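Quick notes on the structure that follows.
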Amino acid sequence: MPVPSNPVTPATTPVTFPPAFLWGAATSAYQIEGAVREGGRTPSIWDTFSHTPGKTIGGDTGDIAVDHYHRYREDVALMAELGLNAYRFSVSWPRVQPTGRGPAVQVGLDFYRRLVDELLEHGIKPAITLYHWDLPQELEDAGGWPERETALRFAEYAHIVGEALGDRVEHWITLNEPWCSAFLGYASGVHAPGRTDHAASLRAAHHLNLAHGLGTQALRSVLPSRNQIAVSLNSSVVRPLSQTPEDLAAVRRIDDLANGVFHGPMLHGAYPQTLLESTSSLTDWSFVLDGDLNAIHQPLDALGLNYYTPTLVSAADPNDKGPRADGHGTSEHSPWPAAEDVAFHQTPGDRTEMGWTIDPTGLHELLMRYTREAPGLPLYITENGAAYDDKPDADGQVHDPERIAYLHGHLSAVRRAITDGADVRGYFLWSLMDNFEWAYGYSKRFGAVYVDYATLARTPKSSAKWYGKAARTGSLPEAPGL
Numbered sequence: 001m002p003v004p005s006n007p008v009t010p011a012t013t014p015v016t017f018p019p020a021f022l023w024g025a026a027t028s029a030y031q032i033e034g035a036v037r038e039g040g041r042t043p044s045i046w047d048t049f050s051h052t053p054g055k056t057i058g059g060d061t062g063d064i065a066v067d068h069y070h071r072y073r074e075d076v077a078l079m080a081e082l083g084l085n086a087y088r089f090s091v092s093w094p095r096v097q098p099t100g101r102g103p104a105v106q107v108g109l110d111f112y113r114r115l116v117d118e119l120l121e122h123g124i125k126p127a128i129t130l131y132h133w134d135l136p137q138e139l140e141d142a143g144g145w146p147e148r149e150t151a152l153r154f155a156e157y158a159h160i161v162g163e164a165l166g167d168r169v170e171h172w173i174t175l176n177e178p179w180c181s182a183f184l185g186y187a188s189g190v191h192a193p194g195r196t197d198h199a200a201s202l203r204a205a206h207h208l209n210l211a212h213g214l215g216t217q218a219l220r221s222v223l224p225s226r227n228q229i230a231v232s233l234n235s236s237v238v239r240p241l242s243q244t245p246e247d248l249a250a251v252r253r254i255d256d257l258a259n260g261v262f263h264g265p266m267l268h269g270a271y272p273q274t275l276l277e278s279t280s281s282l283t284d285w286s287f288v289l290d291g292d293l294n295a296i297h298q299p300l301d302a303l304g305l306n307y308y309t310p311t312l313v314s315a316a317d318p319n320d321k322g323p324r325a326d327g328h329g330t331s332e333h334s335p336w337p338a339a340e341d342v343a344f345h346q347t348p349g350d351r352t353e354m355g356w357t358i359d360p361t362g363l364h365e366l367l368m369r370y371t372r373e374a375p376g377l378p379l380y381i382t383e384n385g386a387a388y389d390d391k392p393d394a395d396g397q398v399h400d401p402e403r404i405a406y407l408h409g410h411l412s413a414v415r416r417a418i419t420d421g422a423d424v425r426g427y428f429l430w431s432l433m434d435n436f437e438w439a440y441g442y443s444k445r446f447g448a449v450y451v452d453y454a455t456l457a458r459t460p461k462s463s464a465k466w467y468g469k470a471a472r473t474g475s476l477p478e479a480p481g482l
């Protein structure tokens with residue numbers, strides 16, 4: 001039975017959040033920094049991938065991106081002007097540890113020291129993500145995430161960054177969306193490093209889990225006890241097309257591959273048995289060594305959740321052998337190992353420029369699931385946002401009422417979850433500003449701040465001003481048209 005997208009009905013009373021709620025925005029290093037050859041930085045897999053013909057729209061790269069490396073003071077001042085009290089950013093592994101091994105390059109760490117100091121001077125809490133997909137190319141050349149060695153190197157890197165910045169940064173995230181790293185990077189190949197090997201993607205998933213666990217241990221060894229360690233998962237809300245046993249079995253298959261493969265070992269210390277059984281044709285999981293699951297299953301201080309759209313599945317028609325849309329685009333190569341018997345469907349409702357259905361009910365559902373899945377664990381929305389075809393008006397202003405409506409709906413869903421018992425501590429809008437959107441290059445604009453890619457001038461969109469007012473008052477302003 002299809003689930004309606006349910007655009008949010010405006011509240012009759014103000015939607016108000018707890019006083020200590022974090023109102024933030026999020027970015028990642030490769031998408032905004034540029035300066036890819038400065039300060040000893042060496043190539044990441046995204047440098048290599050984006051410079052490979054045909055891998056990104058228009059051949060776009062992150063060489064310059066939005067030049068945040070040189071403009072960070074301007075960007076922090078803009079955050080403060082908007083009224084944000086938190087900023088989630090990632091550290092570029094090849095900027096800090098260029099080969100993925102050995103001592104840090106201090107000039108690389110110094111950039112992040114300056115950024116953190118600037119944020120604190122403006123009263124903005126920094127939240128660091130250690131890995132947002134920019135693996136040093138030398139580690140990929142040695143096998144990448146399908147190899148155990150990469151997880152060991154990540155732990156060393158985590159120790160370096162934690163030791164350098166732990167005295168000033170309280171919020172830490174080990175990995176961002178390991179699902180994308182494993183399955184878009186090594187199964188479908190639409191993300192760096194562009195490999196298409198389902199068995200390798202499962203090994204990558206395990207070693208990303210191991211990196212999280214070992215990285216958490218490394219951070220604990222150097223961070224003050226007041227600091228908070230989390231991971232950000234793009235956990236899917238997977239719904240059945242109907243209630244038939246076949247469609248419910250399809251939900252189970254995809255839920256295991258989207259969610260259980262990560263939260264199983266991280267939160268419960270075990271992979272779902274149904275996952276192990278459904279992927280047995282690809283691997284015997286012998287790469288999971290004694291002690292791995294204990295290492296992965298580290299106590300967390302919080303859980304980050306990234307949400308954009310729900311997933312609708314059914315049992316596949318055995319006669320349909322064509323490419324399948326799955327919410328991550330259509331590709332000859334599926335990102336879902338051993339899931340050939342599952343079909344993906346477009347959920348009904350209005351869509352963003354990414355083709356993703358707008359459905360705030362999925363965010364509420366996700367928060368309530370993890371309230372049950374990990375009782376007592378504080379939750380943060382570490383990414384949520386929408387891409388629209390934003391353009392300046394004749395007066396140079398950028399009006400994006402669709403994004404305001406999107407944010408109002410999803411933040412209202414967060415507030416409903418809090419009312420229903422979810423311990424949600426903060427929300428990080430994706431993204432602070434328009435930037436390099438991975439394989440889509442500069443063709444998709446997620447930012448609350450418009451960036452003119454020719455001049456790199458920043459212009460807050462109407463959504464930025466709306467969100468800033470919410471951040472300053474702790475209450476959602478009215479949304480145009482709602």
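Its first residue numbered 1, the sequence shown is counted upward by one per residue in the UniProt record's numbering.
Even for Gly, the Cβ is constructed at its ideal location relative to N, Cα and C.
Treat the numbers as computed from the prediction; the structure is a model and nothing was measured.
Can you find the residues in the same chain that come closer than 7 Å, C-beta to C-beta, to residue i, ignoring five residues on each side of it along the sequence?
i, result
"H364", "A413, R416, A417"
"Q298", "G213, T216, Q217"
"G264", "A270, Y271, P272"
"Y406", "I358, A386"
"R101", "R153"
"S281", "A338"
Distance check for residue j and residue i, CA to CA, integer angstroms please.
i, j, result
"P323", "D395", "In this predicted model, P323 has a pLDDT of only 46, less than 50, meaning its place in the structure is not dependable enough to derive any value."
"P480", "I254", "37 Å"
"K469", "L84", "9 Å"
"S475", "P18", "9 Å"
"R71", "G291", "45 Å"
"Q97", "V91", "10 Å"
"G185", "D400", "32 Å"
"W133", "E373", "26 Å"
"D110", "E38", "13 Å"
"L312", "E121", "45 Å"
"Q31", "S221", "30 Å"
"N6", "P310", "Its pLDDT being 41, under 50, N6 is placed unreliably in this model, and the coordinates cannot settle the point."
"D284", "N435", "40 Å"
"I124", "R226", "17 Å"
"L139", "W93", "11 Å"
"S463", "R41", "34 Å"
"C180", "L208", "11 Å"
"F49", "V424", "36 Å"
"S28", "M79", "15 Å"
"L233", "E147", "21 Å"
"D117", "L379", "26 Å"
"P335", "V105", "35 Å"
Closer than 7 Å: is that where the CB of residue i sits relative to any heavy atom of the ligand MN?
i, result
"K469", "What this structure holds is no ligand at all, so the ligand MN is not there to describe."
What residue range is occupied by the uninterrupted beta strand (DSSP E) comprising residue i?
i, result
"P460", "458-460"
"T196", "Note, T196: premise wrong, no beta strand (DSSP E); not H, not E."
"H297", "Taken as a continuous stretch (DSSP letters only), H297 belongs to no beta strand (DSSP E), as it is neither H nor E."
"P240", "238-240"
"V107", "No beta strand (DSSP E) holds V107; the alpha helix (DSSP H) holding it covers 106-121."
"L175", "171-176"
For residue i, which option in the options has the closest C-alpha, if you only look at C-alpha atoms?
i, options, result
"T52", "N294, A192, V237", "A192"
"A86", "H68, E156, F21, I160", "F21"
"E383", "V342, D197, N176, E149", "N176"
"L241", "M79, D167, R252", "R252"
"L119", "A25, P335, H333", "A25"
"F446", "R95, D247, G304, L432", "L432"
"G194", "Q137, L267, Y308", "Q137"
"D350", "P335, S314, L366, Y388", "Y388"
"A338", "L210, G162, S188", "S188"
"A422", "E149, F287, G376", "G376"
"A230", "Y440, E478, L300, S334", "L300"
"T274", "V288, T419, L257", "L257"
"H171", "D393, A77, R88", "R88"
"A199", "A182, V190, L210", "A182"
CB-CB under 6 Å to residue i, same chain, minus the five flanking residues each way: which ones, in chain order?
i, result
"S443", "I57"
"A316", "D341, V342, A343"
"T129", "S90, I173, N176"
"T67", "A small fix is needed here, since residue 67 is Asp in this sequence, not Thr. So the qualifying residues of the chain are G34, L456."
"A158", "L130, G215, A218, L219"
"A471", "W23, G83, L84"
"T347", "P310, L312, T357"
How far does the alpha helix (DSSP H) with residue i in it reach, from first residue to last?
i, result
"H159", "148-165"
"I128", "That residue, I128, is in no alpha helix (DSSP H); its beta strand (DSSP E) goes 125-131."
"L276", "273-278"
"F49", "45-50"
"E383", "E383 -> not in any alpha helix (DSSP H); beta strand (DSSP E) instead, spanning 379-383."
Report the CB separation of residue i from residue j in whole angstroms; it is logged as a contact under 8 Å.
i, j, result
"G34", "D60", "With 8 Å as the limit, G34 and D60 do not qualify as a contact, their Cβ atoms being about 12 Å apart."
"P126", "V169", "5 Å"
"S236", "N259", "6 Å"
Whose C-beta lies closer than 8 Å to the C-beta of residue i among residues of the same chain, with five residues either side of it excluded?
i, result
"P14", "S475, L476"
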